[in-house]
Ligand code: SF4
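In the UniProt record's numbering, the protein residues as written are 1 to 374.
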């Protein structure tokens, strides 16, 4: 199979081009055509030498992910479902806001961490995505949105990426980092480090590696103020308990592009949402490190056996944290009507036994686009 150019960051592409006997500036040109212009056809890359186009035609391709479906919510949130073969699919969600456009990107088909409140976790783990499969989500979404929103040359649809879709990104580290580098590269998407966020359930050694290799904004799924409860909600806590996790967060701050860590906290009715839990959270975090709390209204799904905390309890919880001086936000739920809200990203594929049948049914309704934004 031809090499997929989406698998490379700029250094990787330069090495590939060198193997074809081409200089580095040719790799930069090619990288810009692919990522900045969304071009997949080498013949259309008009300033590339004809000889290079000929070499590429035989050795490489720009291979996006086959699109299974596209749903646009009443609030403009857009969810794409992509086929990643063998009956697996991953979801990517675009969330438009007045001042920015955020893309939520998946890193794995399924997830091995198995958080109790997460429908992806209930689905189980299938496999890691490649770098090309991660970046293909941004490549597709950026260029698709430029067309549908009618943006002019140089205007950007997505200026914020959160690795908060399906999967634990730090358990797919070797594919993640080149994808992050392409997101950040000025010859590709040119996103600010502050506007690319890796969200992790707490893979401590990889938090340290990310700090050294490619520091971007960090969000940590906390969800509990003590190990007993967190062991239950986030099974990875048994391996990397809260104290070790917070130590890693403090170390991360030395290189982080933001001077705080974001902690995500999913509000579960009667489980982790009492004033006592809020007080314990204050005690845990207040003097430990600069941080922000993001309270997430839970999106119930049948297999979880859990319920969303009532709005008043979420507000009361937030007030305890705010009164203690911890910046706290309550995440707005977006795209509820298309199952694109946080924690719903396995809605289409949670029953893996029938995944092939379901994907085939969806294809019958919505024709597959052969992996290109155009
Ligand atoms: S919350 Fe994240 S880490 Fe936990 S199961 Fe879901 S996808 Fe995996």
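The beta carbon of each residue, even a glycine, is placed where N, CA and C say it ideally should be.
- In this chain, residue 14 is not harboured by any beta strand (DSSP E); it is covered by the alpha helix (DSSP H) spanning 10-19.
- Per the CB criterion, closer than 5 Å to any heavy atom of the ligand SF4, the qualifying residues run in chain order as 111, 113, 115, 118, 120, 121, 168 and 201.
- Between the beta-carbon of residue 117 and that of residue 268 there is about 6 Å, and that keeps the pair under the 8 Å contact cut.
- Taking all protein chains shown into account, residue 149 has fewer than 16 neighbouring C-beta atoms within 10 Å of its C-beta and is therefore exposed.
- Two segments are said to touch when three or more pairs of C-beta atoms, one from each, lie closer than 8 Å; by this definition the region 34-47 touches the region 184-194.
- Within the same chain, and ignoring the five residues on either side of residue 109 in sequence, the residues whose Cβ sits closer than 6 Å to its Cβ are 84, 88, 90, 126 and 127.
- Here residue 185 is not bridged, per DSSP, to any residue.
- Exposed is the label assigned to residue 1, since fewer than 16 other Cβ atoms lie within 10 Å of its Cβ.
- The Cβ atoms of residue 10 and residue 226 do not sit closer than 7 Å to each other.
- Between residue 214 and residue 271, the gap from beta carbon to beta carbon reaches 7 Å or more.
- Our two residues, residue 51 and residue 164, have alpha carbons roughly 41 Å apart in a direct line.
- Here the region 306-323 makes contact with the region 275-288; the two share three or more CB pairs at distances below 8 Å.
- Every beta strand (DSSP E) of 3 residues or more that sits fully in the region 251-280 is shown, in chain order, as 261-267.
- In terms of CA proximity to residue 298, 311 leads the group 6, 129 and 311.
- No Cβ-Cβ contact shorter than 7 Å links residue 217 with residue 156.
- Per DSSP, residue 94 is one residue of the beta strand (DSSP E) stretching across 89-96.
- Leaving aside the five residues that flank residue 222 on each side, the residues in its chain whose CB is nearer than 7 Å to its CB run, in chain order, 263, 264 and 265.
- Judged by beta-carbon spacing, residue 236 lies beyond the 7 Å limit of residue 288, meaning their Cβ atoms are not closer than that value.
- Annotation for residue 314: 267, 273, 295, 297 and 330 place their beta carbon closer than 8 Å to its own, counting only its chain and skipping 5 residues before and after.
- By the Cβ neighbour-count rule, residue 250 is exposed, with fewer than 16 other Cβ atoms within 10 Å of its own.
- Around residue 16, the same chain offers 3 and 8 as residues with beta carbons nearer than 7 Å, after the five sequence neighbours per side are excluded.
- For the region 53-133, the continuous alpha helix (DSSP H) assignments of 4+ residues that do not extend past its boundaries occur at 119-123, in sequence order.
- By the CB criterion at 7 Å, residue 308 and residue 300 fall inside the cutoff.
- Ranking 62, 66, 97 and 61 by CA distance to the CA of residue 78 puts 97 first.
- At a Cβ-Cβ threshold of 7 Å, residue 252 and residue 211 count as neighbours.
- Only buried fits residue 69, as 16 or more other CB atoms lie within 10 angstroms of its CB.
- For residue 333, there is no enclosing alpha helix (DSSP H), as DSSP marks it with neither H nor E.
- In the DSSP assignment, residue 163 falls within the unbroken beta strand (DSSP E) covering 160-163.
- Residue state for residue 310 is assigned as coil, using DSSP reduced to three classes.
- Distance from residue 160 to residue 101 at the Cβ level is roughly 7 Å; contact confirmed, criterion being Cβ atoms closer than 8 Å.
- Under the three-state reduction of DSSP output, residue 326 falls in the coil class, being neither helix nor strand.
- Ranked by Cα distance from residue 29, the options 47, 168, 224 and 207 are led by 47.
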